[in-house]
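Residue numbers (the numbering used here): 358 to 673.
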């Protein structure tokens, strides 16, 4: 689906610029300052007017659709963001011109976000929504970092993708595998020749082979997928025909696994860790305009926080 709904999950930590391996507690990172209070201040600052990032050619503005759970230290809501810089023509489904979007006009879309700042930890969680190819992680974190730097010039915020081998194991052992994806990000000239691609191979972003199970059915390869939990050098397929077209071990192998109502993408080429995005397209409720219902996506995101919290506690 062109506008499928995913959630991206990232960690964030606060540290002194000169101390790369020492991170500060989120509830008291400097002189009694609390990240929860700071984030509320950040929301207020960017709620009044549209802010433009000229480098990213994107806008950002938080809406008044918010849910603040102070006891759990979770803030979620909807922000609006749009792209500009390219003229485009809007047509109806019959091909009739309706409107020409100018270079200086924004194509605004609403996006969900959630921030969790546990008081007994120096690691917080950012969850941001994607809508097909559109997302807000970059514009969200760049504004957050910039606002933080203005107030605390000696500190910085560090971000990383959240990955989980524990959750991956649970999904592989208990779930059903619905889709297999083989992907590589470059195409050598000899392989390109086999496809008879008569254009510049440097422009190829990726090449994929997708195998999708019929509705309500699964592939019986769970045992094969489990090998990746203990052997990161394992391969899902070793087929000469695939090797001849470039899938020879230097590619990514991903699976989409369904457990209950939840679908997760697991990257088997990264020691079987969950990717930082969760595929929720089949479980989230949509409005008539195609965007997710806030209460629905918020419930799913907070369930992800529960899973992450359980894993963090299990590691202690």
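Glycine residues also receive a C-beta, built at the ideal position from the N, C-alpha and C atoms.
Cβ-Cβ distance between residue i and residue j below 8 Å
i           : j           : result
residue 486 : residue 504 : no
residue 576 : residue 537 : yes
residue 491 : residue 466 : yes
residue 514 : residue 371 : yes
residue 495 : residue 368 : no
residue 541 : residue 611 : no
residue 440 : residue 415 : yes
residue 397 : residue 512 : no
residue 624 : residue 609 : yes
residue 436 : residue 634 : no
Span of the beta strand (DSSP E), counted from its first residue to its last, around residue i
i           : result
residue 468 : 464 to 473
residue 568 : 564 to 569
residue 440 : 431 to 440
residue 367 : 362 to 373
residue 621 : 619 to 624
Where the alpha helix (DSSP H) through residue i begins and ends
i           : result
residue 494 : 494 to 508
residue 530 : 522 to 531
residue 585 : 579 to 587
Euclidean distance between Cα positions of residue i and residue j
i           : j           : result
residue 358 : residue 637 : With a pLDDT of only 49 at residue 358, under 50, the local geometry of the prediction cannot be trusted, and the value read off the model is given with reservation. If I take the Cα positions, the gap works out to 12 Å.
residue 518 : residue 366 : 6 Å
residue 578 : residue 420 : 45 Å
residue 521 : residue 483 : 15 Å
residue 493 : residue 438 : 7 Å
residue 534 : residue 407 : 42 Å
residue 516 : residue 531 : 31 Å
residue 585 : residue 524 : 14 Å
residue 622 : residue 616 : 11 Å
residue 378 : residue 574 : 46 Å
residue 665 : residue 639 : 21 Å
residue 618 : residue 434 : 23 Å
residue 662 : residue 528 : 16 Å
residue 388 : residue 489 : 42 Å
residue 386 : residue 506 : 14 Å
residue 667 : residue 429 : 14 Å
residue 498 : residue 645 : 29 Å
residue 360 : residue 647 : 8 Å
Any non-hydrogen atom of the ligand SAH within 7 Å of residue i CB
i           : result
residue 375 : With respect to the ligand SAH, the structure shown offers nothing to examine, as it has no ligands at all.
Other residues of its chain near residue i: CB distance less than 8 Å, five sequence neighbours each side excluded
i           : result
residue 649 : 362, 469, 486, 641, 642 and 643
residue 444 : 457, 458, 459 and 460
Same chain only: Cβ atoms within 6 Å of residue i, ignoring 5 sequence neighbours per side
i           : result
residue 660 : none
residue 431 : 473
residue 581 : none
residue 380 : 370, 372 and 479
residue 404 : 419
residue 391 : 384
residue 653 : 641 and 642
residue 423 : 434
residue 393 : 430 and 474
Cβ-based neighbour list, residue i, same chain, cut-off 7 Å, excluding 5 preceding and 5 following
i           : result
residue 501 : 399 and 514
residue 455 : 447, 448 and 449
residue 462 : 441
**OP:** Within the segment 383 to 414, note down every full alpha helix (DSSP H) run reaching 4 residues or more, in order along the chain.
**Re:** List check, alpha helix (DSSP H) in window: 392 to 402.
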